[in-house]
Amino acid sequence: RPTTTSSWVNQLDTHADAQVQRLLVGNKSDLTEHRKVSTEEGERLAAKFNMPFFETSAKLGQSVEDAFLKISDQVKEKRYANAERPAQNMQLNKGKAKSKCAC
Numbered sequence: 001r002p003t004t005t006s007s008w009v010n011q012l013d014t015h016a017d018a019q020v021q022r023l024l025v026g027n028k029s030d031l032t033e034h035r036k037v038s039t040e041e042g043e044r045l046a047a048k049f050n051m052p053f054f055e056t057s058a059k060l061g062q063s064v065e066d067a068f069l070k071i072s073d074q075v076k077e078k079r080y081a082n083a084e085r086p087a088q089n090m091q092l093n094k095g096k097a098k099s100k101c102a103c
């Protein structure tokens with residue numbers, strides 16, 4: 001439902017960390033006769049909030065894994081994008097090694 005989704009996104013914007021990853025999932029896609037939101041409406045809503053959209057069916061095993069993989073990829077990308085990178089010209093073992101043998 002667009003108004004409910006908008007409310008959830010507003011709550012995330014207000015209370016969640018800016019690093020929180022989001023995606024919109026429409027579930028029970030196998031129950032087409034009971035559909036409340038069209039695929040097109042879901043895609044528009046996801047685009048409005050700049051997030052990926054998946055229609056899933058746990059019963060049929062449709063796109064559930066894809067949705068989990070997408071969100072885990074987003075988390076991984078965000079985590080490593082913010083990680084500190086080592087200096088490019090790092091030198092190890094600058095000084096001479098002292099001999100421990102009195103040969």
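No gaps in the numbering here: position 93 of the sequence shown is 93 in UniProt numbering, and each next residue is one more. All residues carry an ideal CB built from backbone N, CA and C; glycine is no exception.
Checklist entry - Across which residues does DSSP place Val25 in a beta bridge pair? => result Here residue 25 refers to the residue found at position 25 when the sequence shown is read from its first residue. Beta-bridge pairing links Val25 to Phe54.
Item to check | Gly61, buried or exposed, once every other Cβ within 10 Å from all chains shown has been counted against 16 | outcome: The residue labelled residue 61 in the question sits at position 61 within the sequence shown. Here Gly61 is exposed. Its C-beta has fewer than 16 other C-beta atoms within 10 Å.
Checklist entry - How long is the line joining the alpha carbons of Ser38 and Thr4, rounded to whole angstroms? => result Start at 1 with the first residue of the sequence shown, and residue 38 comes out as number 38. Start at 1 with the first residue of the sequence shown, and residue 4 comes out as number 4. Taking the straight line joining both Cα atoms gives about 15 Å.
Item to check | Residues of its chain near Leu23, where Cβ-Cβ distance is below 8 Å and the 5 sequence neighbours each way are ignored | outcome: Along the sequence shown, one-based indexing puts residue 23 at 23. Taken in chain order, the residues that qualify are Ala46, Met51, Pro52, Phe53, Phe54, Ala67, Lys70, Ile71, Gln74.
Next on the checklist: Are the CB atoms of Lys78 and Gln19 within a distance shorter than 8 Å?
Outcome noted: Stepping through the sequence shown from its first residue, residue 19 is reached at position 19. Stepping through the sequence shown from its first residue, residue 78 is reached at position 78. Yes, the pair counts as a contact, with Cβ atoms nearer than the cut-off.
Checklist entry - Does the Cβ of Thr14 have 16 or more other Cβ atoms within 10 Å, making it buried, or fewer, making it exposed? => result By 1-based counting over the sequence shown, the position of residue 14 is 14. Residue environment: Thr14 is assigned as exposed (fewer than 16 neighbouring CB atoms within 10 Å of its CB, all protein chains considered).
Next on the checklist: For Lys28, tell me which candidate among Glu43, Ser7, Ser63 has the shortest Cα-Cα distance.
Outcome noted: Indexing the sequence shown from 1 puts residue 28 at position 28. Distances from the CA of Lys28 to each of Glu43, Ser7, Ser63 were compared; the closest alpha carbon is that of Ser63.
Item to check | Cα-Cα separation between Thr56 and Val25, rounded to whole angstroms | outcome: Taking the first residue of the sequence shown as 1, we reach residue 56 at position 56. Taking the first residue of the sequence shown as 1, we reach residue 25 at position 25. Those two C-alpha atoms are separated by around 7 Å.
Next on the checklist: Give me, in chain order, the residues of the same chain whose beta-carbon lies closer than 8 Å to that of Arg44; leave out the 5 immediate sequence neighbours on both sides.
Outcome noted: Within the sequence shown, the letter at position 44 stands for residue 44. Within the same chain, and ignoring the five residues on either side of Arg44 in sequence, no residue has its Cβ closer than 8 Å to its Cβ.
Next on the checklist: Less than 7 Å between C-beta atoms, sequence neighbours within five positions excluded: which residues of the same chain meet that for Asp17?
Outcome noted: Position 17 of the sequence shown, counted from the first residue, corresponds to residue 17. Contacts found: none.
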